[in-house]
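Reading through the structure tokens given below for one structure.
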Amino acid sequence: MLAIDIPIALLAGLVLSESGKRMLKGNDPNQHYFMKTTVLLFAVFFITPVPFYFYA
Amino acid sequence: MVQIDIPAAFVVSMLCIDLGRRVLKAEADKAGIEKPAIYYRYLFRSIFFAGFVIAPAGIYLLAGWPGWEQIYWSKRFEVVMHTGWVNALLPALFVMAIVLAGYVGHLLGYRWLIRGKAKYLRPTYFGVLIVVAIVVLLNYPSFLLVGTYDQYHNLNGQIREAMEHVWSNPYGFSVGWVVVMIYFAGALAYLIVKIWKENQSYTGKNQ
Chain A
3 MLAIDIPIAL
13 LAGLVLSESG
23 KRMLKGNDPN
33 QHYFMKTTVL
43 LFAVFFITPV
53 PFYFYA
Chain B
1461 MVQIDIPAAF
1471 VVSMLCIDLG
1481 RRVLKAEADK
1491 AGIEKPAIYY
1501 RYLFRSIFFA
1511 GFVIAPAGIY
1521 LLAGWPGWEQ
1531 IYWSKRFEVV
1541 MHTGWVNALL
1551 PALFVMAIVL
1561 AGYVGHLLGY
1571 RWLIRGKAKY
1581 LRPTYFGVLI
1591 VVAIVVLLNY
1601 PSFLLVGTYD
1611 QYHNLNGQIR
1621 EAMEHVWSNP
1631 YGFSVGWVVV
1641 MIYFAGALAY
1651 LIVKIWKENQ
1661 SYTGKNQ
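Going line by line, the protein sequences match chains A and B. According to this note's numbering, the first sequence is numbered sequentially starting from 3. According to this note's numbering, the second sequence is numbered sequentially starting from 1461.
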């Protein structure tokens, strides 16, 4: 459901940020980009296909 | 087209590596680790482009004109709703394939660059483009006609002559296609210019 999927994606982003907070708090750009890329990959590769499956 | 979009994600990722080779190589050498910050920055760009430019463009054309979008290779793309759990997977698999191709293009391109095999980059992505062009051209005139799988293959009482040419704007196709191309070309131009400028202004201190 679209009404669920978009909030779920937001929540997933928050959960991933929470789990990687030590990396995000640090000053290492390597870890910042790692976190950003991980969240983006998770969103487009794992979350997006699910609503597409039900939407189609 | 499905046959173009998936390789396009791979090619764009490799193109980014190629354009940014100076910065990537220098930063990797400086950091002394295989995956420095610049690796993830470029990966982010590649995945973002695949997920927010190529995938929506492909899904838009697949949803509106499913036959044309896959040059009439399969009827399954036209019957994804209420026909069981298999056909409905196709749009999702299409999105995943685009993102995966972008990821693989980045991974392979970066590995070659770091391991002194950058000479493989251009032949690879130009080779992929040539193969894709050949595949599409071999399917002439499918890419010029808009209609259904049955019409294109003269099945179930349908005939190819009933199909309309892409330039006659059948079902709003031409407008949709132009919008998609503008979006894609604009985003690609922005990405290329951004990486090119970053490479030109790289001094080794500003990263």
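The C-beta atom is built at its ideal place from N, Cα and C for all residues, glycine as well. These numbers were taken from a predicted model, which means no experiment stands behind them.
(request) Return the CA-CA distance between T39(A) and L1568(B), expressed in angstroms with no decimal places. (result) The alpha-carbon separation between T39(A) and L1568(B) amounts to approximately 17 Å.
(request) Would you list the residues sitting across from E1624(B) in a DSSP beta bridge? (result) For E1624(B), the beta-bridge partners assigned by DSSP are V1606(B).
(request) Check I1619(B) in the structure and name its three-state DSSP category. (result) Looking at I1619(B) - three-state DSSP - the assignment turns out to be coil, as it is neither helix nor strand.
(request) Could you work out which residue in A1647(B), S1661(B), L1521(B), L1560(B) is closest to A1469(B) when comparing CA atoms only? (result) For A1469(B), the nearest C-alpha among the options comes from L1560(B).
(message) Could you compute how far the alpha carbon of K1535(B) sits from the alpha carbon of E1621(B)?
(response) Between K1535(B) and E1621(B), the C-alpha separation is close to 18 Å.
(message) Along the chain, where does the alpha helix (DSSP H) containing P9(A) start, and where does it finish?
(response) Run containing P9(A): 4-21, per the alpha helix (DSSP H) assignment.
(request) Please list the partners that R1575(B) has in chain A, where partner means a Cβ-to-Cβ separation under 8 Å. (result) Neighbours of R1575(B) on chain A: none; closest Cβ ~20 Å, over 8 Å.
(request) Decide if the region 49-58 of chain A is in contact with the region 5-14 of chain A; the criterion is three or more beta carbon pairs, one per stretch, under 8 Å apart. (result) These segments touch.
(request) Measure the C-alpha to C-alpha separation of L1712(B) and S21(A) and round it to an integer number of angstroms. (result) One cannot answer for residue 1712(B) here, as it falls past the ends of chain B, which runs 1461 to 1667.
(message) Considering Cα atoms alone, identify which of V1595(B), S1661(B), L1651(B), Y1662(B) is closest to V1513(B).
(response) Per the C-alpha coordinates, the member of V1595(B), S1661(B), L1651(B), Y1662(B) positioned closest to V1513(B) is L1651(B).
(message) Below 8 Å on C-beta distance, what does L18(A) contact in chain B?
(response) Within 8 Å Cβ-Cβ: nothing; L18(A) doesn't reach chain B, min ~14 Å.
(request) Put M25(A) into one of helix, strand or coil per three-state DSSP. (result) Helix, per DSSP.
(request) Specify the secondary structure class of S1634(B) as computed by DSSP and reduced to three states. (result) DSSP, reduced to helix, strand and coil, places S1634(B) within a helical segment of the structure shown.
(request) Could you tell me whether the region 1486-1494 of chain B touches the region 1586-1595 of chain B, using the rule of 3 or more Cβ pairs below 8 Å? (result) At 8 Å Cβ cutoff, the stretches do not touch.
(message) I'd like to know if the region 1507-1525 of chain B and the region 1628-1644 of chain B are in contact, where contact means that at least 3 CB-CB pairs between them fall below 8 Å.
(response) Look at the beta carbons and you see the region 1507-1525 of chain B touching the region 1628-1644 of chain B: at least three pairs across the two are nearer than 8 Å.
(request) State the start and end residues of the unbroken alpha helix (DSSP H) segment that holds I1507(B). (result) Taken as a continuous stretch (DSSP letters only), the alpha helix (DSSP H) holding I1507(B) covers 1497-1509.
(request) Report the neighbours of L42(A) on chain B: residues whose CB is nearer than 8 Å to its CB, in chain order. (result) The answer, in chain order, is F1504, I1507, F1508, G1511.
(request) Would you kindly check if the distance between the Cβ of F36(A) and the Cβ of A1552(B) is under 9 Å? (result) No.
(message) If the criterion is Cβ atoms closer than 9 Å, does the pair Y1662(B) and R1482(B) meet it?
(response) Cβ distance < 9 Å, so Y1662(B) and R1482(B) count as in contact.
(message) Is there a Cβ of chain B sitting closer than 9 Å to that of D30(A), yes or no?
(response) So, interface residue.
(request) With a cut-off of 8 Å on the beta carbons, I'd call P1427(B) and V1596(B) a contact; round off their distance for me. (result) No statement about residue 1427(B) is possible, as the shown extent of chain B runs from 1461 to 1667 and does not include it.
(request) Would you check if the distance between the CB atom of W1533(B) and the CB atom of V1606(B) is smaller than 9 Å? (result) W1533(B) is not a Cβ neighbour of V1606(B), given a cutoff of 9 Å.
(request) Closer than 9 Å, Cβ to Cβ, to anything on chain A: give me those residues from the region 1531-1543 of chain B, in chain order. (result) Answer set for the region 1531-1543 of chain B: V1540, M1541.
(request) Go ahead and pull the three-state DSSP assignment for P1467(B). (result) Residue state for P1467(B) is assigned as helix, using DSSP reduced to three classes.
(request) Put N1599(B) into one of helix, strand or coil per three-state DSSP. (result) Coil.
(message) Does chain A have any CB closer than 9 Å to the CB of P1496(B)?
(response) It does: the Cβ of P1496(B) has a partner Cβ on chain A nearer than 9 Å.
(request) Determine the direct distance from the alpha carbon of N1659(B) to that of M1623(B), and round the result to whole angstroms. (result) The alpha-carbon of M1623(B) is positioned some 48 Å away from that of N1659(B).
(request) Could you tell me if R1505(B) is buried or exposed, where buried requires 16 or more neighbouring beta carbons within 10 angstroms of its beta carbon? (result) Buried, by the Cβ-count rule.
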